[in-house]
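Chemist:
Chains as they are written, first to last, in the numbering used here: chain E, 3 to 192; chain A, 3 to 192.
(1) Hey, does residue 34 of chain E have any beta-carbon neighbour from chain A nearer than 8 Å?
(2) Report the residues of the region 130 to 152 of chain A with a CB closer than 7 Å to any CB of chain E, ordered along the chain.
(3) Can you tell me the Cα-Cα spacing of residue 73 of chain E and residue 6 of chain A, whole angstroms?
(4) Output needed for residue 107 of chain A: all residues of its chain with C-beta closer than 6 Å, excluding positions within five of it in sequence on either side, in chain order.
(5) So, for residue 115 of chain A: in the same chain, excluding its five sequence neighbours on each side, which residues have a beta-carbon less than 6 Å away from its beta-carbon?
(6) On the three-state DSSP scale, how would you describe residue 11 of chain E?
(7) Can you tell me whether residue 150 of chain A is helix, strand or coil according to DSSP?
(8) Taking just the CA atoms, how far does residue 63 of chain A sit from residue 182 of chain A?
(9) Based on Cα-Cα distance, which residue from A:69, A:65, A:11 and A:19 lies nearest to residue 38 of chain A?
(10) Determine which residues share a DSSP beta bridge with residue 107 of chain E and list them.
(11) Whose C-beta lies closer than 8 Å to the C-beta of residue 53 of chain E among residues of the same chain, with five residues either side of it excluded?
(12) Kindly indicate which three-state DSSP category residue 193 of chain E falls into: helix, strand or coil?
(13) I want to know whether the region 125 to 134 of chain E touches the region 155 to 165 of chain E - three or more CB-CB distances under 8 Å.
(14) Residues of chain C with a CB under 9 Å from the CB of residue 112 of chain E: which are they?
(15) Need the endpoints of the beta strand (DSSP E) that residue 71 of chain E sits in, please.
(16) Name the one or two DSSP bridge partners that residue 31 of chain E has.
(17) Residue 21 of chain E: buried (16+ other C-beta within 10 angstroms of its C-beta) or exposed?
(18) Quick check: residue 140 of chain A and residue 18 of chain A, are their CB atoms within less than 8 Å of each other?
(19) If you draw a straight line from the C-alpha of residue 137 of chain A to the C-alpha of residue 109 of chain A, how long is it?
(20) Give me, in chain order, the residues of the same chain whose beta-carbon lies closer than 6 Å to that of residue 47 of chain A; leave out the 5 immediate sequence neighbours on both sides.
(21) Rounding to the nearest angstrom, what Cα-Cα distance links residue 113 of chain E and residue 14 of chain A in this structure?
(22) Which residue wins for smallest C-alpha separation from residue 96 of chain E, given the options E:192, E:81, E:102 and E:103?
(23) Suppose you measure from the CA of residue 9 of chain A to the CA of residue 31 of chain A; what does that come to, to the nearest Å?
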C-alpha cells in the first residue's frame, strides 16, 4: 500500500536492533484518516471471506481494529494482557512473549466472545517474530472458530513470523512489508 | 443518551462492589456501530470547542477515541501505562491508581505529541473515582496544552470523580450517568 509505505519512509524512525518506531501515526499518536485507508484496503482484501468478527490484542491493535470493523459492519473483540496472577475459569488463555518488553504475558479472551460459529479476521499493527499473532491464533483455535486470515499493517519480512504463520496455511495480508532497514534510516520494502 | 442507557440496562452486568461490566459492547467486545453514535454525540457537544487532538489512555479508551476522532477530523494520542522501571526523558509522566487492579501505574505520553498549542478533548470509557482522568489532566497540564473538556461514555455519578473534576472548572460530559446500582441488577440513571 503505497500511501502507507510513503508514510513509513517519511515519519518512521529506525533505532538499533531493527526497531522501527511509527508512533507518530500508528501506535502512540494515531492518524485516523490513514487508518480509514487501511480499513478500506483490508475490506477489499477480505470482503469475500465471510468475516463476522474482528479480533486483535490490546493495546495498539484496538484503534486499528475498530476503524477496520466499520467497513465490515462487525464487532471487535480484543484479547487482554492479564495483569493478575489468576486466570478466570470462563476465558481462553495463552502466553505471548514480548520482545519489546522482554516479558511473557498471559493473554486472555472471554469464552463468551469467541465461538465455533465465528469467522475471524485478525488485525494487528506489527508482525515480526509472530508471537502476538500466534497467541491470537491459539485463542481462536481454542474456541473452535474459523480464521479467515490476518490483516497486518506493517510486517518485518526479514523476521520469520510471517513465513511461519503462512506455512500453517493461514492467509496473512500485510499492507507494508519491510524487506530491510539500515541503522542510518534507509527502509526497503518487498 | 437513551440508546446507550438502554444498552447498559440490556447488556450490562452488575457485580458486588459496584462493579458494572459492559464488556459485551464497550471494553472487551466492542460494538463499533454504537461507538459511532457515541462519536456523533460527543461531536455535537464539543464541535465548537476548537478541538485539535483527542487524548485517551490505553487500553479500552483507544477504540472509542479513534471512532470519535473521525467526527472531529483530528488525530488521537493515547497515554501508555509504563511497564518498565525507567521513565524516558522525553515523556511527560504521572501516576494513576487503578482500583480495578489494585495497583499504581506510571502513565506516560511522549512530549512530541502534546504541546502548548493543542486544544484537547479527553475521551474515556468510564469515570468513577476519576483517577485515570486526573492522570490525563496532569499530563495535558504538564504540556501546557488547553483542555476543552472530557467526554466520558459511562459515569458512576455516585462516586466522587466527576464532581471533583467539574469543581476544577473542567467541562465533563458523560453520555450515561449512573445514579445507583443494586446487587440484584437494577440500574438508575441521573
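Think of the CB as a built atom: it goes at the ideal place given N, C-alpha and C, for glycine as much as any other residue. Since this is a predicted model, take the numbers as computed values, not measurements.
Modeler: With the structure as the only source:
(1) Closer than 8 Å: yes.
(2) From the region 130 to 152 of chain A, no residue has a Cβ closer than 7 Å to chain E.
(3) Cα to Cα, residue 73 of chain E sits roughly 22 Å from residue 6 of chain A.
(4) Excluding residues within five positions, the ones whose Cβ falls inside 6 Å are 83 and 98.
(5) For residue 115 of chain A, where only same-chain residues beyond five positions count, the Cβ hits under 6 Å are 79.
(6) If DSSP states are grouped into helix, strand and coil, residue 11 of chain E belongs with the helices.
(7) In the structure shown, residue 150 of chain A sits in a strand (DSSP, three-state: E or B).
(8) Using only the alpha carbons, I get a separation of about 23 Å.
(9) Ranking A:69, A:65, A:11 and A:19 by Cα distance to residue 38 of chain A puts A:69 first.
(10) Checking the DSSP bridge columns, you'll see residue 107 of chain E partnered with E:98.
(11) Closer than 8 Å at the Cβ level, and outside the excluded window around residue 53 of chain E, lie 74, 76, 121, 122, 123 and 150.
(12) With chain E represented from 3 up to 192, any question about residue 193 of chain E goes unanswered, as that position is not in the structure.
(13) Short answer: they touch.
(14) No chain C appears in the structure shown, which is made up of the protein chains E and A.
(15) Here residue 71 of chain E belongs to no beta strand (DSSP E); instead the alpha helix (DSSP H) covers 62 to 74.
(16) DSSP lists A:79 as partners of residue 31 of chain E.
(17) Classification of residue 21 of chain E: exposed, given that the 10 Å Cβ count is below 16.
(18) Cβ atoms of residue 140 of chain A and residue 18 of chain A: not closer than 8 Å.
(19) Going from the Cα of residue 137 of chain A to the Cα of residue 109 of chain A covers about 7 Å.
(20) Only 175 meet the Cβ criterion.
(21) Inter-residue distance for residue 113 of chain E and residue 14 of chain A is about 17 Å (C-alpha atoms, whole angstroms).
(22) With distances taken between Cα atoms, residue 96 of chain E lies closest to E:81.
(23) Answer to the nearest angstrom: the Cα atoms are 14 Å apart.
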